[in-house]
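Residue 394 in the numbering used here sits at position 374 of the sequence shown, with consecutive numbering throughout. Don't be surprised by glycine CBs; every beta carbon is placed ideally from N, CA and C. A short worksheet on the structure shown next.
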Amino acid sequence: RASGMDHVSQELGIDVSSQNESSSESAKQAEKEHFENVIKAFLYYKEHGLHIVHKHEASFARLSQAHQQIISYLPAKFEAQKQCLQVNQDFLSVIINDTDSFIKNSPLLTGARTSFDHIDSASLDMDKIRCTLRQFVRDWSADGEEERKQCYKPITDALLSYYAHYPEEQRYHLRVLMPGAGLGRLVYDVAKLGFSAQGCEFSYQMLIASNYILNYAPGKESLAIHPWVLSSSNVWDAQAQQLKQVLVPDDLPGGLSPNVDFSMVAGDFLEVYRNQQGEWNCVATSFFVDTASNIVQYVEHIHSLLVDGGIWINLGPLLYHYTDAPDVDSTELSYAEFRSVILHYGFDLKQESQHACNYTQNPDSMMHSIYYCPFFVAIKKPSLPQFPQR
21 RASGMDHVSQ
31 ELGIDVSSQN
41 ESSSESAKQA
51 EKEHFENVIK
61 AFLYYKEHGL
71 HIVHKHEASF
81 ARLSQAHQQI
91 ISYLPAKFEA
101 QKQCLQVNQD
111 FLSVIINDTD
121 SFIKNSPLLT
131 GARTSFDHID
141 SASLDMDKIR
151 CTLRQFVRDW
161 SADGEEERKQ
171 CYKPITDALL
181 SYYAHYPEEQ
191 RYHLRVLMPG
201 AGLGRLVYDV
211 AKLGFSAQGC
221 EFSYQMLIAS
231 NYILNYAPGK
241 ESLAIHPWVL
251 SSSNVWDAQA
261 QQLKQVLVPD
271 DLPGGLSPNV
281 DFSMVAGDFL
291 EVYRNQQGEW
301 NCVATSFFVD
311 TASNIVQYVE
321 HIHSLLVDGG
331 IWINLGPLLY
341 HYTDAPDVDS
351 TELSYAEFRS
361 VILHYGFDLK
371 QESQHACNYT
381 QNPDSMMHSI
391 YYCPFFVAIK
401 KPSLPQFPQR
């Protein structure tokens, strides 16, 4: 595999070399075009935001003079929004400036561009860029600490509890895999506890952003974003909340124990780990299992990856991602049905509970969505020895 990328004193790499080098030329071209569209979306963010602000300005201009006078402070708010958009764009552009090593590590991205004379916005997914900014709040800011306590701490607590008999200085021998790693905070937190930790992520938006924050962030809380600037609904106070500045990262990655193996891998979970049966002590899934088109396959695959006696720690809802996708199969189980599949594959469920969790929520918004998520720790039962029949 390609070597990781340096950060201060330790390699915190993202490995994209696991992508299939034998892909056809047409597949490679399609992958490169997809990657370039993601880059374009990062670079187009400010223009996207200005279109939204300009619509609000036009709406204000069509009001009667009497009504404009009543809310005469709105033009100043629009100008403040534009300044916040520029701050966000500066942040996103810096992220793109540090993608060269990411591209070099991938056989599928050879020749991919990161600058463009013209950007056609028609095919760009701008919602995912706005989501990426919210993910920075969740994973790498003090504002996201409460969500991390809800969604990550139960996992790290269970990990520490199950392996409490292991001396801390020996934890690096234990390998923990986290698919759907997003911006890598849970992976980093597990590595800080002394475990060897690897995250897997499929989304280029997440991979590009995590590559930056894990390897190139200049200092603790050195980067400013305004994640809620385009969210005008359910706002109590625009100045204090909609225009709020959030600083990242709240913890500068680096300084891990030299024995700890920490990495992020790019690719599809089922594909990347297809030949790693019995190589992992723990698989930890946070808000991940519902990304499957066939959740039974996820259970089967996780079981195959674990050593006998290994553990699967899971927390997250069952909001199936492909429910409304017309061209993608979606096998959708209730929790009771999902639980029966887990038992079928030879897991012993040791802990089960329900946790209330938010996901990339603005803590100051009038509206909050709460997931009441199943949490469990499942142990892979030792397989029975196979004796030849007489």
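Fill in: For Q106, three-class secondary structure by DSSP
helix
Practice prompt. Look at the alpha carbon of Y379 and the alpha carbon of N231, and state the distance between them as a whole number of angstroms.
Written response: 22 Å
Practice prompt. Out of N334, H341 and Q218, state which residue places its alpha-carbon closest to the alpha-carbon of D177.
Written response: N334
Discussion item. Helix, strand or coil, according to DSSP, for R82 in the structure here?
Written reply: coil
Discussion item. What would DSSP say about T380, mapped onto helix, strand or coil?
Written reply: coil
Worksheet item: What is the residue span of the beta strand (DSSP E) that W300 lies within?
Response: W300 to S306
Worksheet item: What did DSSP end up calling P238 once you bin it into helix, strand or coil?
Response: In this structure, P238 counts as coil in the three-state DSSP scheme.
Discussion item. Ignoring anything shorter than 4 residues, give me the alpha helix (DSSP H) runs that lie fully in the region 241-323, in order along the chain.
Written reply: Under the rule that a run must span 4 or more residues, the alpha helix (DSSP H) segments found entirely inside the region 241-323 read 289-292.
Worksheet entry | First through last residue of the beta strand (DSSP E) which encompasses Y208 | Run containing Y208: none in the beta strand (DSSP E); it sits in the alpha helix (DSSP H), R205 to K212.
Item to complete: Tell whether a beta-carbon distance below 7 Å holds between I315 and N108.
Response: no
Worksheet entry | For I59 and Q218, the rounded distance between their alpha carbons | 25 Å
Worksheet item: Heavy atom of the ligand COA less than 6 Å from the Cβ of P273, yes or no?
Response: The ligand COA is absent from the structure shown, which contains no ligand whatsoever.
Worksheet item: Are the CB atoms of E167 and R158 nearer to each other than 7 Å?
Response: yes
Worksheet entry | Straight-line gap, M387 to V255 (C-alpha atoms, nearest Å) | Their Cα atoms are separated by approximately 9 Å.
Discussion item. With a threshold of 7 Å between beta carbons, is N378 in contact with chain C?
Written reply: No chain C is part of this structure, which consists of one protein chain only.
Worksheet item: Excluding the five sequence neighbours on either side, which residues of its own chain have a C-beta within less than 6 Å of the C-beta of R191, listed in chain order?
Response: So the qualifying residues of the chain are G214 and F215.
Fill in: Per DSSP, cross-strand counterpart(s) of W332
Bridge partners of W332: V303 and A398.
Worksheet entry | Status (buried if at least 16 other CB within 10 Å, exposed otherwise) for N295 | exposed
Practice prompt. Tell me T351's beta-bridge partners as DSSP assigns them.
Written response: N314
Item to complete: Hey, could you find the ends of the beta strand (DSSP E) R168 is sitting in?
Response: Run containing R168: none in the beta strand (DSSP E); it sits in the alpha helix (DSSP H), E165 to C171.
Worksheet item: So what does F367 bridge to, in DSSP terms?
Response: K400
Discussion item. Quick check on the burial criterion: 16 or more other C-beta atoms within 10 angstroms. Buried or exposed for D310?
Written reply: buried
Item to complete: Return helix, strand or coil for M226, following the three-state DSSP convention.
Response: helix
Fill in: For R195, the residue or residues it bridges with in DSSP
S216
Discussion item. If contacts are defined as beta-carbon pairs under 8 Å, then I322 and V397 qualify, I think. What distance do you get, rounded to the angstrom?
Written reply: I322 to V397, Cβ: 13 Å. No contact.
Discussion item. Tell me which residues share the same chain as E372 and place their Cβ nearer than 6 Å to its Cβ, disregarding the 5 neighbours each side in the sequence.
Written reply: F396
Worksheet item: Within this structure, are the beta carbons of L243 and G69 separated by less than 7 Å?
Response: no
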